[in-house]
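Q: In order, the protein sequence lines correspond to chains A and B. For the first sequence, the working numbering gives the first residue as 1, with consecutive numbering after it. For the second sequence, the working numbering gives the first residue as 253, with consecutive numbering after it.
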Amino acid sequence: MRKLNRILAPLAVAAALVGVWWVAVAETESVIFPTPLQVVTALADLAREGELWTDIGASLFRVGAGFLLALLVGIPLGLWMGWMREAFTTLNPFVQILRPISPIAWIPLAILWFGVGDLSPIFLIFLSSIFPTILQTAAGVHTIERQYLWAADNFGVSRGRLFFQVVIPAVLPQIIVGMRVSLGIAWLVVVAAEMIALRSGLGYLIIDSRNAGNRYDLVVAGMIVIGITGLLLDTMMRRLERLKSVRWRYAR
Amino acid sequence: MPVKIVVRAIAKSYPTDQGPLSVLRDIDFSVGDGEFVAMVGPSGCGKTTLLNIMAGFDRPDAGSIVIDGATANRPSPKGILISQKGSVFPWLTVQQNLMFGLNGHRFENEQLTEHYAEVVGLRGFERSYPHELSGGMLKRLELARALVVKPQILYMDEPLAALDALTGLQMRFELRRILEIERHTCVLITHDVEEAIQLADRILVLSPRPATIQAGFEVSVEHPRNLGRPELIELKAAILHEFGL
Numbered sequence: 001m002r003k004l005n006r007i008l009a010p011l012a013v014a015a016a017l018v019g020v021w022w023v024a025v026a027e028t029e030s031v032i033f034p035t036p037l038q039v040v041t042a043l044a045d046l047a048r049e050g051e052l053w054t055d056i057g058a059s060l061f062r063v064g065a066g067f068l069l070a071l072l073v074g075i076p077l078g079l080w081m082g083w084m085r086e087a088f089t090t091l092n093p094f095v096q097i098l099r100p101i102s103p104i105a106w107i108p109l110a111i112l113w114f115g116v117g118d119l120s121p122i123f124l125i126f127l128s129s130i131f132p133t134i135l136q137t138a139a140g141v142h143t144i145e146r147q148y149l150w151a152a153d154n155f156g157v158s159r160g161r162l163f164f165q166v167v168i169p170a171v172l173p174q175i176i177v178g179m180r181v182s183l184g185i186a187w188l189v190v191v192a193a194e195m196i197a198l199r200s201g202l203g204y205l206i207i208d209s210r211n212a213g214n215r216y217d218l219v220v221a222g223m224i225v226i227g228i229t230g231l232l233l234d235t236m237m238r239r240l241e242r243l244k245s246v247r248w249r250y251a252r
Numbered sequence: 253m254p255v256k257i258v259v260r261a262i263a264k265s266y267p268t269d270q271g272p273l274s275v276l277r278d279i280d281f282s283v284g285d286g287e288f289v290a291m292v293g294p295s296g297c298g299k300t301t302l303l304n305i306m307a308g309f310d311r312p313d314a315g316s317i318v319i320d321g322a323t324a325n326r327p328s329p330k331g332i333l334i335s336q337k338g339s340v341f342p343w344l345t346v347q348q349n350l351m352f353g354l355n356g357h358r359f360e361n362e363q364l365t366e367h368y369a370e371v372v373g374l375r376g377f378e379r380s381y382p383h384e385l386s387g388g389m390l391k392r393l394e395l396a397r398a399l400v401v402k403p404q405i406l407y408m409d410e411p412l413a414a415l416d417a418l419t420g421l422q423m424r425f426e427l428r429r430i431l432e433i434e435r436h437t438c439v440l441i442t443h444d445v446e447e448a449i450q451l452a453d454r455i456l457v458l459s460p461r462p463a464t465i466q467a468g469f470e471v472s473v474e475h476p477r478n479l480g481r482p483e484l485i486e487l488k489a490a491i492l493h494e495f496g497l
């Protein structure tokens, strides 16, 4: 029953929202704002023509590339900053200065440096994901409980074993939290980045639909797809938290 | 009995806002090879600091620790610390935890871990993760992980304090049973006088901060010890008397 409620309750809210939307459009007799039915029809058309999948694929590719690059650079950097006090005190100010600059603010520079191809959004994704990754990882290293480091020291294990069997697994739960946060931001940013340039992706779909004949049904359809894809990405990341080797951290 | 550990004139203080706080002063004693020494003292008296210094994790301000005739100031696998909080790695399975301190061949390691899993009664749980074990099993795992590397000394900091009374009592007997086979040199810190009486060959009573050794008691009763024996009841009274009780 409880499980059923977990699905039924959000569905009921969704139904209520769609209802309000429908009534509002009907009452105001808006010619531009689409009804839910029009949006669904538009979505079905997009899916049938294949454009929807191309756009989702393009956006996911950019997010994937930028996000993985950020992990590749951010996790080692975060581990290093967490482990070496000097590295932290040296680099942390720069991280803190760069972090609050919205990736959107970087768009002009990105276009200047990387043009309007895939590289620009990948760069913006990279920028948006790397700082949360670095900070969560470094914070994870800082909060490793002393007794674990002592035990490693006590058994006199090699530096390699210390790192791969103690430090990294101890930080992994924090890294996963960082990954969830950065992937969320990355998804937010890719759509914004695609609105500026490029000829594919969900952001492009929205802007192009508006520019090419005020197709607001497609605009809303694009927004819904973005939201649902974001939810699926987060669900995927949440699955990582169920790995047996990291569950110890969340269980408490 | 040859001497294993010599604790020589150890002093330690910590800086605080109100100036240095002296926690240990003129601590002098030695532990024989294979001897089990328990240190009891009021909480906050500096017992843990003393044990950490002995195990090489903390530096004394003055004095030194000599093990087998050589000054020791670093942790080493020769003496394993079993801390109060427990340091079993929660991200490794039982088997991986047992293997952690081992460097030899795979086959030898497997035989060793199998043997000690058997000794502490954890056979069949090798693939479990620590969060799937009970508190008592975690302590056994920590003990087994220490025993696997064949340490000569075990430093135990309130190892049974986190367990419920019944499990703690069971673990006392388990510990004694294992020690009968392996004959390690043991240093135990506890605030539980009965635990000390049940386990140790010698009990040192520490004074309140700054801790000094206030009294020492030999316990020569055979194991397993029945705490109801008149001489042990007397001993308990004598130790409690040292605490002013």
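From the three backbone atoms N, C-alpha and C, an ideal C-beta is built for every residue, glycine too.
Taking 7 Å as the CB-CB cut-off, is phenylalanine 164 of chain A touching chain B?
A: Start at 1 with the first residue of the first sequence, and residue 164 of chain A comes out as number 164. It does not; no Cβ of chain B falls within 7 Å.
Q: Quick one: Cα of tyrosine 266 of chain B to Cα of valine 371 of chain B, how far?
A: Here residue 266 of chain B refers to the residue found at position 14 when the second sequence is read from its first residue. Here residue 371 of chain B refers to the residue found at position 119 when the second sequence is read from its first residue. The straight-line gap from Cα to Cα measures roughly 41 Å.
Q: Find the residues of chain B that neighbour isoleucine 147 of chain A, judging by a C-beta separation of less than 8 Å, and give them in chain order.
A: For the purposes of this step, residue 147 of chain A is taken as residue 147 along the first sequence, with counting starting at 1. This sequence places glutamine at residue 147 of chain A; isoleucine is not what is there. The contacting residues are Ser335, Lys337, Gly338 and Ser339.
Q: Consider the Cβ of histidine 383 of chain B: report whether some Cβ of chain A lies at a distance smaller than 7 Å.
A: As a working mapping, residue 383 of chain B is identified with position 131 in the second sequence. Histidine 383 of chain B counts as touching chain A.
Q: Compile a chain-ordered list of the residues in the stretch 364-391 of chain B whose CB is closer than 8 Å to at least one CB of chain A.
A: Hits within the stretch, in order: Tyr381, Pro382 and His383.
Q: Would you tell me roughly how many angstroms separate the C-alpha atoms of leucine 451 of chain B and arginine 424 of chain B, rounded to the nearest one?
A: Residue numbering aside, residue 451 of chain B sits at position 199 when the second sequence is read from its first letter. Residue numbering aside, residue 424 of chain B sits at position 172 when the second sequence is read from its first letter. Rounded to whole angstroms, leucine 451 of chain B to arginine 424 of chain B spans 7 Å at the Cα level.
Q: What residue range is occupied by the uninterrupted beta strand (DSSP E) comprising arginine 277 of chain B?
A: Locating residue 277 of chain B in the second sequence gives position 25, counting from the first residue. Residues 271-284.
Q: Flag serine 30 of chain A as yes if its beta-carbon sits less than 7 Å from any beta-carbon of chain B, otherwise no.
A: Within the first sequence, residue 30 of chain A is the residue found at index 30, counting from 1. No, its Cβ sits nowhere closer than 7 Å to a Cβ of chain B.
Q: Given 8 Å as the limit, is there contact between the stretch 382-399 of chain B and the stretch 306-324 of chain B, that is, 3 or more CB pairs closer than that?
A: Contact fails: fewer than three Cβ-Cβ distances are below 8 Å.
Q: Who are the Cβ neighbours of proline 294 of chain B in its own chain at under 6 Å, not counting the five residues just before and after it?
A: As a first step, residue 294 of chain B is located in the second sequence; it is residue number 42 there, counting from the start. Closer than 6 Å at Cβ, skipping near neighbours: Pro460.
Q: Candidates B/Pro342, B/Glu494, B/Trp343 and B/Val259: which alpha carbon is nearest arginine 302 of chain B's?
A: Translated into the one-based positions of the second sequence, residue 302 of chain B becomes position 50. The residue you asked about is not arginine; residue 302 of chain B is leucine in the sequence shown. It is B/Val259 whose Cα lies nearest to the Cα of leucine 302 of chain B.
Q: Please list the segments of the alpha helix (DSSP H) lying wholly inside the stretch 337-411 of chain B, counting only runs of 4 or more residues, in order along the chain.
A: Counting whole runs of 4 or more residues, the stretch 337-411 of chain B contains the alpha helix (DSSP H) stretches 346-351, 358-371 and 387-400.
Q: Output the boundary residues of the alpha helix (DSSP H) element that contains lysine 264 of chain B.
A: Mapped onto the second sequence, residue 264 of chain B falls at position 12. That residue, lysine 264 of chain B, is in no alpha helix (DSSP H); its beta strand (DSSP E) goes 255-268.
Q: For the pair the stretch 41-53 of chain A and the stretch 208-225 of chain A, tell me if three or more CB-CB distances fall below 8 Å.
A: Because the criterion of three Cβ pairs below 8 Å is met, the stretch 41-53 of chain A and the stretch 208-225 of chain A touch.
Q: Run through the DSSP bridge pairs and tell me what methionine 291 of chain B is partnered with.
A: In the second sequence, the residue the question calls residue 291 of chain B occupies position 39. Paired residue(s): B/Ile441 and B/Leu456.
Q: Against chain B, does tyrosine 250 of chain A count as a neighbour if the rule is that its beta carbon must be under 7 Å from one of theirs?
A: The residue labelled residue 250 of chain A in the question sits at position 250 within the first sequence. Not one chain B Cβ lies under 7 Å of tyrosine 250 of chain A.
Q: Based on Cα-Cα distance, which residue from A/Val20, A/Gln136 and A/Ala47 lies nearest to glutamine 174 of chain A?
A: For the purposes of this step, residue 174 of chain A is taken as the residue at position 174 of the first sequence. The shortest Cα separation from glutamine 174 of chain A among A/Val20, A/Gln136 and A/Ala47 belongs to A/Gln136.
Q: List the residues that DSSP assigns as beta-bridge partners of phenylalanine 469 of chain B.
A: Here residue 469 of chain B corresponds to residue number 217 of the second sequence, with the count starting at 1. Per DSSP, B/Ile455.
Q: Per DSSP, glycine 331 of chain B is paired with what?
A: As a first step, residue 331 of chain B is located in the second sequence; it is residue number 79 there, counting from the start. Paired residue(s): B/Ser328 and B/Ile405.
Q: Could you spell out the range, first to last residue, of the alpha helix (DSSP H) harbouring alanine 193 of chain A?
A: On the first sequence, position 193 is the one that residue 193 of chain A refers to. Alanine 193 of chain A -> alpha helix (DSSP H) spans 168-196.
Q: Let me know the secondary structure DSSP gives valine 219 of chain A once reduced to three states.
A: Residue numbering aside, residue 219 of chain A sits at position 219 when the first sequence is read from its first letter. Residue state, collapsed to three classes: helix.
Q: Are arginine 161 of chain A and proline 121 of chain A close, meaning C-beta to C-beta below 7 Å?
A: Mapped onto the first sequence, residue 161 of chain A falls at position 161. Mapped onto the first sequence, residue 121 of chain A falls at position 121. Taking 7 Å as the Cβ cut-off, arginine 161 of chain A and proline 121 of chain A do not qualify as a contacting pair.
Q: Count the other CB atoms within 10 Å of the CB of alanine 261 of chain B; is the residue buried (16 or more) or exposed (fewer)?
A: Taking the first residue of the second sequence as position 1, residue 261 of chain B is located at position 9. Result: exposed.
Q: Could you work out which residues of chain A lie near phenylalanine 495 of chain B, taking near to mean beta carbons separated by less than 8 Å?
A: Position 243 of the second sequence, counted from the start, is the residue given in the question as residue 495 of chain B. Under the 8 Å cutoff, chain A gives no residues; its nearest Cβ is about 28 Å from phenylalanine 495 of chain B.
Q: Check for me: the alpha helix (DSSP H) holding isoleucine 134 of chain A runs from which residue to which?
A: Mapped onto the first sequence, residue 134 of chain A falls at position 134. 119-142 is the span of the alpha helix (DSSP H), which, as asked, contains isoleucine 134 of chain A.
Q: How do the stretch 63-71 of chain A and the stretch 85-93 of chain A stand: do at least 3 beta-carbon pairs fall below 8 Å, yes or no?
A: Contact fails: fewer than three Cβ-Cβ distances are below 8 Å.
Q: Would you say the stretch 8-25 of chain A touches the stretch 200-208 of chain A, given that touching needs at least three Cβ pairs under 8 Å?
A: In short, these stretches do not touch, since the Cβ pair count stays below three.
Q: Roughly how many angstroms lie between the CA atoms of arginine 252 of chain A and leucine 418 of chain B, to the nearest whole one?
A: The residue given as residue 252 of chain A occupies position 252 in the first sequence. The residue given as residue 418 of chain B occupies position 166 in the second sequence. Annotation note: pLDDT 49 at arginine 252 of chain A (below 50); position unreliable, coordinate value reported separately. Taking the straight line from one Cα to the other gives about 24 Å.
Q: Consult DSSP for valine 39 of chain A and reduce its assignment to one of helix, strand or coil.
A: If you number the first sequence from 1, residue 39 of chain A lands on position 39. Valine 39 of chain A: helix per DSSP, three-state reduction.
Q: Under 8 Å by Cβ, that's how I've got glycine 298 of chain B and valine 318 of chain B pegged, so tell me the actual separation to the nearest angstrom.
A: Within the second sequence, residue 298 of chain B is the residue found at index 46, counting from 1. Within the second sequence, residue 318 of chain B is the residue found at index 66, counting from 1. So it is not a contact: roughly 20 Å between Cβ atoms.
Q: Is there a Cβ of chain A sitting closer than 7 Å to that of isoleucine 332 of chain B, yes or no?
A: Translated into positions along the second sequence, residue 332 of chain B becomes position 80. So yes, isoleucine 332 of chain B belongs to the interface.
Q: Leaving out five residues before and five after aspartate 208 of chain A in sequence, what residues of the same chain have Cβ atoms less than 6 Å from its Cβ?
A: Residue mapping note: residue 208 of chain A aligns to position 208 of the first sequence, counting from 1. The answer is none, since no qualifying residue turns up.
Q: When DSSP builds the beta bridges, which residues end up paired with isoleucine 317 of chain B?
A: Translated into the one-based positions of the second sequence, residue 317 of chain B becomes position 65. Note: isoleucine 317 of chain B sits in a beta bridge opposite B/Val259.
Q: Look at arginine 99 of chain A and phenylalanine 123 of chain A and say whether their C-beta atoms are less than 7 Å apart.
A: For this step, residue 99 of chain A is matched to residue 99 along the first sequence. For this step, residue 123 of chain A is matched to residue 123 along the first sequence. It is not a contact, given that the beta carbons lie outside the stated cut-off.
Q: Can a CB atom of chain B be found closer than 7 Å to the CB of glycine 156 of chain A?
A: By 1-based counting over the first sequence, the position of residue 156 of chain A is 156. Output row for glycine 156 of chain A: interface = yes.
Q: Across which residues does DSSP place alanine 322 of chain B in a beta bridge pair?
A: As a position in the second sequence, residue 322 of chain B is number 70, starting the count at 1. DSSP lists B/Ile319 as partners of alanine 322 of chain B.
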